[in-house]
Each structure stands twice: as C-alpha cells, then as structure tokens.
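In my numbering, the protein residues as written are 84 to 360. Even glycine gets a Cβ: it sits at the ideal position worked out from N, Cα and C. The structure presented is a predicted model; accordingly, all values stated were derived computationally and were not measured. Data first, discussion second: the structure below is written as structure tokens.
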Amino acid sequence: MRKRIVLPLLGLVLMLGGVTLSGCDKLNEVVSQLGLSNEDVVNGLRTALDSSANTSSLAASKLNGFLMNELIKIAAPPEVVDLKSALDNVAANPLADVAFMAVAKGRANSFLSNSMDDLVASINHAAEKGSEQAYPIFKKAITEMTITDGLKILQGGKTSATDYLREKTYKALVAAFAGPIRGVVESGEVSRLWKPVAEKYNKVGPLVSGKSLVGYTFTGPEHVNEDLSEYITEKAMDGLFKLVAQEEAAIRENPKKYASGIIQKVFGSLEAKAALK
C-alpha cells in the first residue's frame, strides 16, 4: 500500500513541476491548495526515488540482469572486437597467416580461440555483481536530499532526478563497484578467457601491428588492456543509470496515471480534485 501511494505522489509532483507561472512560488501555491507543505512533497519524492532506485538496483544485480537486458547489456570492449576482427582476417588469408605465424610463433586463430559470447557473458555477470553495492549509496543520497534539491528536481528537465542521483553518487558507486568487479574478474571467467590472450598478444603486437603480411596489412593494435575491470565498472555505471532514467521517464511520460491514484487514495475531497484543474 505504501508503494502504491508514494509512486502516485511522485507522478503528481512531477506534473506540478511543469507549472511555471512564478517558479517555486507557483509550485508552492498549487501544493498549498492540496494541503501539502514543501516538506511533504520532498519527503514523498524521497520515498518514491528510493523505490525507483531500489527497483533499478535489483534489476541490475539479479542473475542475467545485464546480460539479458539489451538496454544495458555490455558489449565486448572495442579493442577486443578490433583484435578479433584483425585476427579473423589473417586466419582467412593462408599466406598472411603463415607470415603472421613466422613473427608471432602462433597462428592467428590460436590467439583468440575462446568464444566471444562466453567472454561477453562473464563481463556482464561481473557488472551484475558490482551492482549489488548500488542501493545503499542511492539511499544515502536520497536521504540527504534537501527541499532545494527536491524543488530543482521537480522544475528540472526530463532527467533531473536521474541527474541528481548521478551527481551525488557517481564517485561513491565507482569506488564501491570496483572491488567486487575486480574480484569477479580476477577469480572468474573474464580472467580465464581474456588475460592469457592479452598477455600472449602483447608480446607480439608491436611486431605485427601495421605490418604488411604478404600484401595484407595487419590492423590489430600494438597493445591491449590485460585488465578489463575498469571497462566493466564504467559500463556498469552507464547501465545502472539507464535503468534509473527509464524509471523516471515512465513516471514523467504518464503522470496523470499516478496523479489520479493519489486523488482517489489520499486527496479524496472535492476541493483537492478541484485544485488540480
């Protein structure tokens, strides 16, 4: 019941945020007509944002929360994709492959023989593990929200609530995610599938990158990052805030749905209904 009441309140105050006669004065006037103080609105906003943040955190941290959600699924790092493409091109050219083997002491397809799908899956599972740390950090930022913060969110743009959380939590989230993600990377499939490849390739990359292999110029990089932890952490942040923004957009796009709920459940008087017209 608490969630059903609070979410309509968020829809109501977001709708009121679009009334711009005199900024905060007009907002205060409308809120006052509904019998609410600024503190009431901000407390409702805090609770609703808490619910949205919790929903987003749970969605990101559950098994396959990243992997099976195309909105936030993390792709292989560009350098991995570029290396695989370059190696595949060499492997498809027998003469170039022989020339590559003479320098690299191994055929092109031996460098990245593991499944890219397996690597991508392990990358996303690491992000899911890191996301377990998100909710307490969001909770702290929401609890510390001031009346001024709340009114700025109400009168801000379409992503003002998400922007607030990003501003207040990003550094703390990165710090909190880094340890668990690195732990998963170092002890799990990411390290097993990628680190030996990177270490092996980095010994020969400078020797073959940009070099002509019997008429074919090898396009692979000179060096690849052996540790993908930072990449995963960065992409986990992006995905988490996409989910938060999605929650915010759903409320902003259909505020009347939530407003009607709060009228029926909380503001049942004719006076309260008339104040919304």
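Asked                                                                                                                                      : Found
Quick one: what does DSSP say residue 292 is sitting in, helix, strand or coil?                                                            : coil
From 210, 281, 268, 301, pick the residue whose C-alpha is nearest to that of residue 186; which is it?                                    : 301
Between the segment 299-316 and the segment 160-169, do three or more beta carbon pairs fall short of 8 Å?                                 : yes
Is it right to say residue 164 is buried, meaning 16 or more other beta carbons lie within 10 angstroms of its own, or is it exposed?      : exposed
Report the start-end ranges of each alpha helix (DSSP H) in the segment 129-217 that is 4 residues or longer and not cut off at the edges. : 161-174, 177-187, 199-213
Is the CB-CB distance between residue 134 and residue 211 below 8 Å?                                                                       : no
Buried or exposed: which applies to residue 336, given that a residue is buried once 16 or more other Cβ atoms fall within 10 Å of its Cβ? : exposed
Report the rounded CA-to-CA distance for residue 243 versus residue 257, giving the unit in angstroms.                                     : 21 Å
How about residue 267 and residue 204: do their beta carbons lie closer than 8 Å?                                                          : no
Using 8 Å for Cβ pairs, my map puts residue 176 next to residue 299. What's the rounded Cβ distance?                                       : 5 Å
Between the beta-carbon of residue 280 and the beta-carbon of residue 194, is there less than 8 Å?                                         : yes
Assuming residue 332 contacts residue 241 (C-beta within less than 8 Å), just tell me the rounded distance between them.                   : 7 Å
Exposed or buried, which one is residue 214 when buried takes at least 16 other CB atoms within 10 Å?                                      : buried
Mind reading off the beta-carbon distance from residue 136 to residue 225? Whole number of angstroms is fine, and I expect it under 8 Å.   : 7 Å
Could you give the DSSP three-state label for residue 300: helix, strand or coil?                                                          : strand
Who are the Cβ neighbours of residue 296 in its own chain at under 6 Å, not counting the five residues just before and after it?           : 179, 182, 183
So, helix, strand or coil for residue 227, using DSSP?                                                                                     : coil
How far does the alpha helix (DSSP H) with residue 251 in it reach, from first residue to last?                                            : 243-270
Would you kindly work out how many angstroms separate the C-alpha atoms of residue 285 and residue 149, rounded to a whole number?         : 30 Å
So, is residue 288 buried or exposed, given that buried needs 16 or more other C-beta atoms within 10 angstroms?                           : buried
When burial is assigned at 16 or more other CB atoms within 10 Å of the CB, is residue 189 buried or exposed?                              : exposed
Check each candidate in 324, 153, 330, 232 and name the one with the smallest Cα separation from residue 253.                              : 324
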